Amino acid sequence: MSRHGAIELDWADGTFTFRLGLDQIEELEEKRDLSLFTLARRLSPAERDARLADIREVLRLGLIGGGLKPVDALVKVRKYIDERPVDENRDIAYAVVLAGLARVNAAEVDQPGEADAAKTSASTSPRSEAPQP
Numbered sequence: 000m001s002r003h004g005a006i007e008l009d010w011a012d013g014t015f016t017f018r019l020g021l022d023q024i025e026e027l028e029e030k031r032d033l034s035l036f037t038l039a040r041r042l043s044p045a046e047r048d049a050r051l052a053d054i055r056e057v058l059r060l061g062l063i064g065g066g067l068k069p070v071d072a073l074v075k076v077r078k079y080i081d082e083r084p085v086d087e088n089r090d091i092a093y094a095v096v097l098a099g100l101a102r103v104n105a106a107e108v109d110q111p112g113e114a115d116a117a118k119t120s121a122s123t124s125p126r127s128e129a130p131q132p
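So this is what it looks like as structure tokens:
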């Protein structure tokens, strides 16, 4: 079962699940003193105004949210971000932020009722008048 907001990407030395859940988003916004929307804009190919710390924290927290132990995420970040060209990881960080914003979920919705609610076209509101005979 995939997790709400998770995205699987080829990065560094393998394929990893990245996820910015609410806890990771709050920590990211606090550490960077920016909203997730501002980070998305800074990471976007149109702006290309991201700082190394933006990329680093998005990927570190995304790995943790995706299930990697914090110490293992830090080792990956040190090896594949700190020792590589800054722009090499920008597109991956951008994809992780967009998944967090869009709450992307390609397989299943992990919140009961969300999938059904999204599929229905009928109104759930009561009728405002009695039906005609």
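Going by numbering that gives the first Met the number 0, the first residue of the sequence shown is number 0, and it counts up by one from there. We put the CB at the ideal spot given by N, CA and C, even for glycine. Computed from a predicted model, the values in this text were never measured in an experiment.
Check, Outcome
"Inter-stretch contact at 8 Å, needing at least 3 Cβ pairs: the region 51 to 70 / the region 9 to 18", "yes"
"Range covered by the beta strand (DSSP E) that runs through ALA5", "5 to 10"
"Rounded Cβ spacing between ILE6 and ALA98 (contact assumed at less than 8 Å)", "4 Å"
"Residue burial classification, ASP81 (beta-carbon count within 10 angstroms, cutoff 16)", "exposed"
"VAL70 burial status per 10 Å Cβ neighbour count (16 or more: buried)", "exposed"
"CB of SER34 within 9 Å of CB of TYR93, strictly", "no"
"Spatial neighbours of GLU28 in its chain, beta-carbon cut-off 7 Å, leaving aside the 5 residues before and after", "SER34, LEU35"
"ARG50 (DSSP reduced to helix, strand or coil)", "coil"
"ARG40 - DSSP class collapsed to helix/strand/coil", "helix"
"Between the CA atoms of LYS68 and ILE91 - distance to the nearest angstrom", "19 Å"
"Residue range of the unbroken beta strand (DSSP E) whose run includes GLY13", "13 to 18"
"Three-state secondary structure assigned by DSSP to LEU97", "helix"
"ARG31 beta carbon less than 9 Å from that of ASP53", "yes"
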